[in-house]
Every structure is written in C-alpha cells, then in structure tokens.
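The structure under discussion appears below in the form of structure tokens.
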C-alpha cells in the first residue's frame, strides 16, 4: 500500500509545476512558421519578456536551456582574453564562470562561500583595484539554485558605481525571474539571463538574454560570438525566423505566450512576488521549528539573504536522502537533492535537500509538501522538534490576504 | 495577492480529481463505433467493472449520471405497485427512494437519521413483519455522500437472511466503489449501482448497474423497464452498440479503460482500500483535535460508521461557508458544501462542509487540504483547538508503509 | 508497407471528427459542480443550444446518447396508450417508432421505403383520417443516418396544418443539426431531438430535447415520464444540478461550450449550412461520375432529397466492404458501413457504404477521402467510371468562396 | 462561407504534422531531472537515435534547432582556419557553409545550382586538387528543403575515397531523416546532423549530431568547441544532465521517445522509406500531369534526384502565392512558400511553392492536398492540364500494398 497514489507533486527547483493551461496551450498542431499567427505570438512574447524583467531594452530568445543562455550571454559580450569578475555564491555561479573561462574569458573570481551572498564592499574593492578598467563585466547570480542564497543586485550595482567602474553588470535570474522581485532597468542591470522552466512555468527548452543599449554597444566589439548565439538578429528581426535563428520553437512559444499572460495580465508581478514571499515564509517557519532539535537547519541563516523560490536545508546524518525517498514512495512528493553542499556520491551528500516553491505554486501545494515532510520525519524517526507544519500554517494564515 | 495561484485542489465528493493519465486517454480522436478497437475496449471494461465490484455476475453500462443508474436499477427490477423497503441514512438514499416512488414503486421507508447507519435489527424486524413477502427488494446506500455514514452491507444481508425473506438487496455504491471495501458476491448483493466520477476517477457521464442471476430472474417479470434502461441487451450484447443502447460513450470508455487498469492492474483493490482508510484516519485526527474546542465536530461520531471516501463535519456559526470561501480564494482548495444537514439557503446550511478523500488522492493532497484548513481557521479566527494538522501528519506517519 | 500511417480520417456518420479545440477544452480538471464557473457554462450552453436550433423555446440536456434523447422525448409527451404517427424513412425512424411502441405508445406507421422522403400528401391524408384527433404527435426523422435521405420538415408541418390537425410535430435532428438547415420556430416544430456527436462536434455522451410551449403544455397531461427523463427541472432549473438531473456532465459541457462558440460566434450557422451543401455536392459529383459504369449508385436519386451531412451509396458485389477495408488498411480512411440496406451479416450487406461529411470537415478532408476511394477502386479493380475525384474537385472549385 | 473550416492540414516542409500520440506524450507534468524515469528515457532515446540513423557510433542531443545542430557539428570538428569543402545544392547548404565561414572555417564552395545534386566527379576532382589534404571535411546536404533535390551520399563517399582523400564526410539530414533512405554506417558518413521537427515528427526544439570514431578523434584536436556545443559529455554522459548540457528537455524527450517507438518498433524504417517513396510518386504524378499545360513544373526534372519528403515546384506568374492563399482560406491546406528560387519580396518569389510529404503523412493527407490544389487551380483559373489528382490517385493505387 502506498499513500503516494494520487497526483504527484514535484517540488524540485526546476522544472517547476507547469500550469494545466500551459500544457494545454502546447497540445496543438504545428503552425506555419513563415507567416501568420506565429508572427504575432513571437512579437507578443518578446514584448512580454521585457515586461516580466521590468526592462525597456532588448531580448533574445534561444532554443536552449540555461547553460545555453549563459553561453549566449558570454558569447555576445566578450572577446577572447577579455576580463570578467565573477561573484561566486554557489554551484551555478561557479559553472557560469568556468564556462566563460573555457570560452577564453580571463575570469577573476570572488568567492563568497555557500552560505552568504556576495559582499558589495568586496566587489567595490576588487573593481577599485582594476585601475585600468580591464574588467569588462561583473557576473552575478541573483538566486543560486543550489544554496538558495539571494544576492542584492541593486547593492552590487551601487558598488560598481561607487568604484567609478564602467563594467557591465550581468545577472543570472534563471532561478528567480517570476518569483523574487527583479527590476532590470531600476537596478542598472546590463545583461540578464533566464530560462523557461522555473518562474516562467514552461517546460525546459528556452533560454533568454536581455541586454541594455550599453551591452549592445559592447557586443559590437566582441569577437566570441557565433551565428547561433548572435543576439543581434534575434533581438532586431526582420523576418520571424530570425527571432529564433532558424525554425521557431513553436510549441514552447504557445506555452510561454500563455504563461506570460497569466503572469502579466492576470496575477501581476507584484502579486507574484508577494505570493512567493509568503510561501517562502511558511517553509522557513517549518524548518526553523523543526530545527530547534536535531541537526535540521536552513542553509542560509539570515532571512534577508534567502531566496523566495527555493530553500536549501540540512537534515543531517543521511536523513535528507531517506526523507526524500520516503516522500516519493509514500506521499507523492519529490523534493530536490542537495547540490554543491558536499561532494556528490559521498555520505555527506545525503544530508541535504531542497524544497522548491517557485512558479505555479500555492498554499495547498506548499503546506502539503511540508506536512508530508513532518509525517515522514515521524515515520523515519528523524530527530526534529514537532510543530513545523503548524508554524507553517500560521505563516500562511498571517500572510494570506495581504496586499 | 492570492496564495491560491497554483494548481487548484478540488476536494468535493465527486467529481473527484482525475488522474492525468485518464484525461490524456480521453484526449484523442473518435474511433469507429461499429468495429475494431472499441469492441475490445467495451469487453475489457465490462469485465473489469465486474472485478472492481468483486462480482462474478453481470453489468450494464449506461450513458447517465448516478441518478440515471438509480433509475435503471429501479426500472429493471420492479413492476408498478411492487413494494420496496428503503433504508434511508441521508440525502441520497432519500432521493433514490423518492424516485422509485415516483416511478410507481410502493416504497416503505426505514429512516435512520443523518448521523447513523441503518440498524440491521430494525431491517430484520421490518422484513419479518412482511409475512407475505411482498417486499421485492431492500434499497441501501453503502456510503451516503451527504452524511458520510457507511452502512454495513453484510450485516443488512444477514438481517434479510435471518428474517427468512427473499428480498433482493440493492446497494448504491456511487460514493464508495473504489474507495471503501465492497464485495458484491461475498456480501450477497443482488443489484449494485455506481457511477464514473468518484472512486473510478473518470469524468461524470457513465452510470453502472451490476446484477446477480437472481436479480436477472426477477427482472424478467418486471414491467417498468424502458428501452434505454433495459439491462438485458447491455449486459448480454451481440453487437458492440448494444453495450450502450446506441452510440458508444467513446471518450469515457477510453478514460475508464485507463482508470480500471490503474485500479486493478497497478495499485490493486486491497491497496486502494488501505490507502483510503489511512487518509480518512488523517482527516478524522485533524477534526478530532480541532474539535476539542469550539463547535467543530465530525458528523459521524463512531469511527466504524464513517466512510473512507468523504467526511462531513460541522464547523458551526456560519464558519463552514467562511472557511470554504477563504480556502478557495486564498489557498487553492475547494471543499464540498454541507448537504442535507440543514435547509438549503438557511444560515444553518453554512455551518457544515465536507472534505472528500476519494479516488486519485494521496498524502500530499490530503494533508495539504487539512493544513490550509488550519491556516484558514487561524486567519478567520474560527474557534478551534490547534494541532489538527500535526495530528493528521501523525496519522499518516503511522499508516504509511503498512501492508 | 502501409500508406495509412499518418493521421487517420474517420468519415463515419457519427461520432464525427472533433475539433482539436473541443478535445483540448475537455482536457482539464473537474470543476466544482455546485457553484462557480459551471453555473455560467450551463446557462450559456442552454442558451446557445436554443440558438443552434433557431428556437426561442426550451431545451433539456441529458447525459445520454441519441437513443436516450428519443426516450426522453417520448417520455415527456405521451401517456400509455396515446397515439403517434411515425413517418419511417429508414432505420433510425424505425427504431424511434419501435421504442415508442415498447414504451406503451400506440404507434401508427407510415412507411416511405429507404430511398425517398416522407410524402406530405400521405401525411395529410393520414391525419385527415384521424377525425377524432387521437394522434398526439407526428414523429419525423430530419436526416436518416442510414439512408441519407432528408425530409422536408416545413412541408410536413404544412401537411399537418392543412389537415387541420392539432398533432405535435416531433423531429429527430440527430444527424442534421449543425449540418443541414433547420429552423425550429419557423418550421413549426414542437419537439426536436439531437445529440452531441455529429454536427455539434463533441464526443458522444449528451442528448438534447428542445420543446415548444405547446409541447410543454401537452407534457403536463402525460404519464410516461420518469424522474430522469423529466424535462421540466432540466429546462427550468433553480439549482445548477437540476439542468442535468444530478451530477453535471462537466467535461462534455466544457467541450460543448467550445463547439457552440465555434458554431455560433465564429463560423455562423448559415456559413455552416453552405459549407455542408458544397462538400455534399463534391461527394455526389464523385459518385455520379463513378457510377456511369459498374454498379455504383447513390442511395437517394433526387439531389433535393439528399442529406448534406452523410451520403449512402451502393458499390455492389461485396465491393463496399472490400473498399472500406482497403481504405482503412492502406489509406488511413474509415468509411461508415451500410446500415439498413440489407440484412446484416448477409453478402448483400457488403454492397453498401456511407461517407460522412458532417461537422468539423473541410475541403481537404472530404476530397482526400474521395481521392483515396478512387485509388482504392483502381487498386481493387472495382468497376467504375474514372474521374470522380476530378469532378469532386470541380464541385469544390465552383462552390468555394460563395457567400 | 469557407470550406477550410475543419481540421487544418499543414503541408510545409517542417515542422511536419505531429502524431496525436506525440503531442499527448508531451502533455504531462514535468519529471524529476536528476533521477528516475528520465534516466531511462534519455538512454533509450539516444540508443534509438543511433538506430534511426543506421549508425553504430555516437550521438549528441542538443536543445537547439537545425541551425544549432549545424553549429554544433562545425564547432566540434574544426579549428579556426581549418579548411572545409562545401557542396552547395540549395539554400540550406548555403547557410551551413556561410555559418562555418563565420565561425572561422576556411570554406571552399562547390556550387551545383538549385536544380541538380552534387556531381561526384567534381567532388573527386576538387579533393584530388587538395594534394596536401588540408580539407578536413566535406559538407553535404542530403535533401535540400528549398530545392527538394536529394544528393547521393554514397556516391559522394565513393568520390572522396576514389580521390584517396582522408576528409570526413559531414551530412545534413535535417529534411530527410525518417523519410528518405539513409544509412550512416554503410554510406561512410562521419558526422550527421538532424533535428526533431521533420521526419522525426516532434515539435521543433531538438537538434542532433551523430559522429563516428574518426570524427571523434578529429574533434580532439579541434579548438572551436564551446561548453554548450561540446559533444563529448553529451555522447558519453556519466550523469543524466550531461546528455543535455544542463536541464533536460523533458517534454521533447517524452515526445521523441514516443515517435522513435512508432518509427522503429511499429512501422519500421524500410516501411517508412517505402511509404514516402510512394507518396512522393503521387505528388510527382500530379505535377507532371498539370504541367503538360501552362507554366507548372517540378523544380527537379530527374526523378532520381528528387527528395521523397518535399517537392518544390514552379506554378508561374505569381500563381503559387495565389494558390497558397486560396488553399489556406478556402480548403484548410497550408503549403510551403518557395525558398531560394527567387529573391524574397520580388514578384518572382510568388511563382514557387513547396508541398511537404514528410513524417506522419498518409495517402489521405497527401491526396487531399493535391485534390484541393486541383480545385484551387480551377477556381483561380491557373493554367494547367486537368487530371493531376486522378494521376496521383493512380500512383497511390499502384504503390499501395507493396512490400
């Protein structure tokens, strides 16, 4: 007998739960890709992608995942040998930096560990030290999906400005866009990278790069670009296929068109940010209560440094893996594995897990996941202070109905 | 801002949550209805319907809802003026009896209120009083969807036998089949009625009548039957369209074929019964805890009299309706209204609600519903003893993994 | 190797090809059935059903197929022993009459064979002979799906009026509604019966009965009605579940709501009638050309007596069945079997077939079916005059673009 | 009134018509991307991709369209300044060559016009002239989607061998794989490129590169590769995400897994090739008949040089565009625009069109398209010899049922 028989709930930090409407929008025959409806959809999606980033500038759409979008961003901005300053706060910032280096960029890393955001003072210091302004861009991860830390983008921008440095600010919002507040124009971001499968609620398969006029100007002197990654024809197309560098991603466009409508026309960005903040508060309340006994602890101690889309935590003593298995087998819930907290394959890797609360997620889904976790901890006799789920319900009671 | 934005959870006692696989199975072009695949599907569905009822006898499939299946059962068994003994334990038994009377059956009612099952001793007594054996059949509701009482079918059968009475036993399993244990052959049931949209996890649109050889013999002398309700050609078809009295319900058959495969080949009936029993225990634990303060109370006091598929409860003071609205608006959960507990439209009708846990439902879905209820009671300041959700999680922890 | 590998085309006279949008509309979770969206959908569907019938009066929706809708119509209008005059022009009129008789109606049949419509003069004559006006209603099939004859409804109404007879006119439009022109009010129809799976382009599962105030008045004195078939609560509901006599057919309503939108708001009834007329003309042109040699012949010789939704034809010498098999196996096309032209199971039954062109059907689908038929006749060496498909293409060229 | 109201038929050369089963397979919630089912699917898809190419070597899967797959193939094989010999037989070979040049490859072009395949003798001559064996690879388009020419891959391989040249043979099968016969191992192909949206019957979004051990060895010395395009981790993954360079294309994998099952387990490659050959013969028969009058002509005169997946033709005098518009508006058929036959935007560009017959396409779909074309030519009075559709039906009659 298994209590998992029912609708499974996937609470991994991407792909997230797709709305039924998005999957339904994708369930239709292919359209003509040279004329007609696809032209309207492509134009509307591009316009709405700018709105969702609070950006007045440009966007290129790629058939690619987040790694592809990273490569696109590097490819357009840099020439071989150019310098970049990478602010590393977790596994994903680390890979972006490594890939840039593989592509020929001279990457200087500032490491901030796996439990804290980038320190603007250190960024300012590093930029001041670059007296010849050789650093072309600063690379920052808004939310690191592995550590669940959130970086203060505006503060990093302020640090760059305070240093009087002309570097571009390039931000990876793959795990935050459509979840945590982000304002491209207001926060002075030059290049932003995201993908379809998290806050945008569409299956994996599309990556996006937004870029400012300043970044566009910089790209004109860069030499790493290849035909596929070139953002110029994609952002300024004359024919519809130029949006996509060839054949359109027809079905993903149908899905994304629907999800952007839900985000922008129906719920609204500020409501989405508030919803994610409240759901995150419920998750934190549960973990903080459970953690008053045993080894359970949130990865990020300071609430203001925690992402609203995903929560990384330590359960300890191999129990994260036991709990994840139990939840999948007995309760219908799949949590994310810990990533970047310990060497994969070691016993310590089994101490960590992640709970996602990104995108199409509501009080029922989130409280349900936390309640089954509490049940699982009891069933498996994992040491914890009871009452986490009651605390989470309290957080929801408090947050619900607020503007 | 609303915390309901996400996948909605419908916890009303039918239609229940359809598995994605069932909806997907229904999303296909129509087939030929005179030959080919439809012949195999119809035969397999009919065979599997007998298995799900633990019946070795006959089944007729109707394009109809449960009211239609009721009418079919009456129509085949009775002649105008025949006597029936109706055991009324709630709204639905009441309507079945009323409809039988409207159709010309002379219905004798035994009323057991809305908080208790039928008492076998009273049934035996009533049958003994029918010395001429004029009562042709006893009508019993296995689980009344409104009161959430479960009747002891085997005990009623024993009562009939103890009275030495030849009456047929006709049972309505609309709200129990595929949820609560039911054994048509073992329990001596002659006619059983169900529908597609509850434990069978298919959209509303099909009703079913199973019948024994004894019922078949009785039907040969009955005169109420009409061409549409006649179970004879449907149960013993020579051509595929006879299963359905005309055009086949093609898409419902695709869905039902898939759901019966899930029930019989994958999960298994005994596992399904155990899952429902455990999920029900979690719901009861929550209500029993909450109810230690304030007006909250389960409708059925005795746990052995409670259905495993749905739970009716009193919240009191109009708070059931307030809570239901809050859950729909703020948490993405839809609970059932109270039915038959008070006059519709009166303030008292707002004191009651029902939580369904029937069909495609798992620990995540059920605990999620209970946790949002606890959040809602806090947010609305509905008097309750806190800790219901923790108690429910405990019940899940205890029940999970059992054979 | 098979040239059938591709999207199959079903050209049987019901179920017809469902639009992707209808199937997509049905692919969603169940809704609450007591309040909310379902109330709006039910009201809109009922209003639009009246529009599609060009009726200002009443409609009852049944979870049932066409046989159920027939039974509903009989059940509400007649008392046991009442007289009806059945105009029989094919298999389906025949069954409707037979079922009415089984239900206790005293049915007088006027038979018009299987190759011609009902003759208004004979109807008038029969009614004049009923001097005491004992005939309560005249039963007429608008389009008989088996013979593909179309009856002149307005002429029959005129015949009834000419006879000065008060009989109700009851018409079966199952195979014509949404295909052939039909005007309930203008043509003086009192009761009309249809179902979801033909011109309305929704899977089988819903039947409908429209009725005039005169029919409503008649129903008040009738005694055959049962709770399920009673049209009163369904047509004049106070609560949403009364529309459907219990649980709503949720998913069929989603589909029907979409198809009625396509019919009424997008294409428009007059355009739909014109499209069917032109597609029918192409089918006739093909058969008339082929039939200049060999045994091939349309069932209905007079074009004004031919339905626009389905065409029955004789191929002869067992070749209809050979051609149907070849088309299914080699070309991806399924045609309808002949019905009611010869005794089922006899060799002669294999001489006949039907091509449907009802509902969601366009020039590509229809010409594709005819072209594969011509290919099949060549491959199987079935005697025919070549050029049928060229003639059909000519009919399309002529009809296209007309107002 | 429009005769297009019905199921639209898209006959453009990609994206092709997706099977309902493929779209249905993609309509499901996202899975975990780190463990479980996705691991099995990825491994099975990779193995089946090798089978569909008749290749025993390696395959890398990219979230990308065909342009991305082109870039991947160049990126892994070449270093900056390496030489390539491009055999250009149409627009797509042209762009592949141009993109390679943009990426830094020194491309030598052999142009064969837009009406003929590459001439092996000229290839041999060019390679013999490369005495120092500086040409690292020969680039060939199997079927050019614009001209609909098919190249003789084995003959080009023989020419390379006859020249005693070590060049790799790189072939673009985007428009042929799963349609025209292709045998990677037997034909000595080192690198092959394809995409999901044509013969593989899955929405656009995946590109593929197959490569031999010889190509793998060559890639070890190449320096153009970037992290996203690197085929090494994708073809030899240790973790499931390495197949895809990050997040898996979950829904496309569901679709591709289904389509490969249909191709390999159900229909079989040789049957698929035969089906496409027969359907192509029908299309050619129609055009050859029509072209006996007026300006209508197939682009490729020699039948052995014609692709089996797509047919390019001249209609002349702006009539291709008129016919395409009529078909879309009046008949429900969308044909492909002419590409690369005349300057886009000029009046001459309106003289050409393409009919696709690739992937999930059967006799009904193809004959339906041709029949509506004949109707359109009549309606628009486009000069043509009548009888094309009859000739096409004859070709189907002849080809059907062959082994």
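Chains as they are written, first to last, in full-length UniProt numbering: chain E, 1 to 403; chain B, 1 to 403; chain A, 1 to 403; chain G, 1 to 403.
Ideal Cβ placement from N, Cα and C applies to all residues, glycine included.
I'd like the span of the alpha helix (DSSP H) that includes residue i, first residue to last.
i	result
residue 273(G)	269-290
residue 329(E)	Element bounds for residue 329(E): n/a, residue is neither H nor E.
residue 52(E)	37-52
residue 389(E)	388-399
residue 254(E)	250-260
residue 231(G)	231-235
residue 70(B)	66-77
residue 123(B)	120-129
residue 116(B)	Per DSSP, residue 116(B) belongs to no alpha helix (DSSP H) and is neither H nor E.
Please work out which residues of its chain come closer than 6 Å, Cβ to Cβ, to residue i, disregarding the five sequence neighbours upstream and downstream, and give them in chain order.
i	result
residue 120(G)	155, 156 and 159
residue 211(G)	58 and 191
residue 260(B)	48
residue 124(E)	159, 162 and 163
residue 233(B)	242
residue 129(E)	none
As a quick exercise: from the options, pick the residue whose alpha carbon is nearest that of residue i.
i	options	result
residue 320(A)	296(A), 16(A) and 283(A)	296(A)
residue 132(E)	71(E), 274(E) and 167(E)	167(E)
residue 388(A)	360(A), 5(A), 252(A) and 290(A)	290(A)
residue 106(E)	136(E), 150(E), 240(E) and 51(E)	136(E)
residue 41(A)	25(A), 53(A), 55(A) and 54(A)	25(A)
residue 249(B)	63(A), 347(A) and 53(A)	63(A)
residue 46(B)	267(B), 240(B) and 363(B)	240(B)
residue 362(B)	19(B), 108(B) and 100(B)	19(B)
What first and last residue would you give for the beta strand (DSSP E) that runs through residue i?
i	result
residue 86(B)	83-88
residue 61(G)	58-63
Which whole-angstrom value describes the C-beta separation of residue i and residue j, a residue pair presumed to lie in contact below a C-beta threshold of 8 Å?
i	j	result
residue 298(B)	residue 284(B)	7 Å
residue 65(E)	residue 195(E)	6 Å
residue 69(B)	residue 193(B)	5 Å
residue 272(G)	residue 178(G)	6 Å
residue 15(E)	residue 354(E)	That pair is no contact at about 14 Å.
Under the DSSP definition of a beta bridge, which residues are partnered with residue i?
i	result
residue 111(G)	88(G)
residue 306(G)	149(G)
residue 141(B)	172(B)
residue 361(A)	Answer by DSSP bridge pairing: none, since residue 361(A) is not bridged.
residue 20(B)	Bridge partners of residue 20(B): none, in fact.
residue 10(B)	334(B)
residue 102(B)	Residue 102(B) is not bridged to any residue.
residue 311(B)	355(B)
Can you find the residues in the same chain that come closer than 8 Å, C-beta to C-beta, to residue i, ignoring five residues on each side of it along the sequence?
i	result
residue 306(E)	148, 149, 150, 280, 284, 298 and 300
Can you check whether the C-beta of residue i is within less than 8 Å of a C-beta belonging to chain D?
i	result
residue 244(B)	Judged by its chain identifiers, the structure shown contains no chain D, and its protein chains are E, B, A and G.
Using C-beta distances below 7 Å, list every residue in its chain close to residue i, excluding the 5 sequence neighbours before and after it, in chain order.
i	result
residue 197(B)	14, 15, 16, 203 and 204
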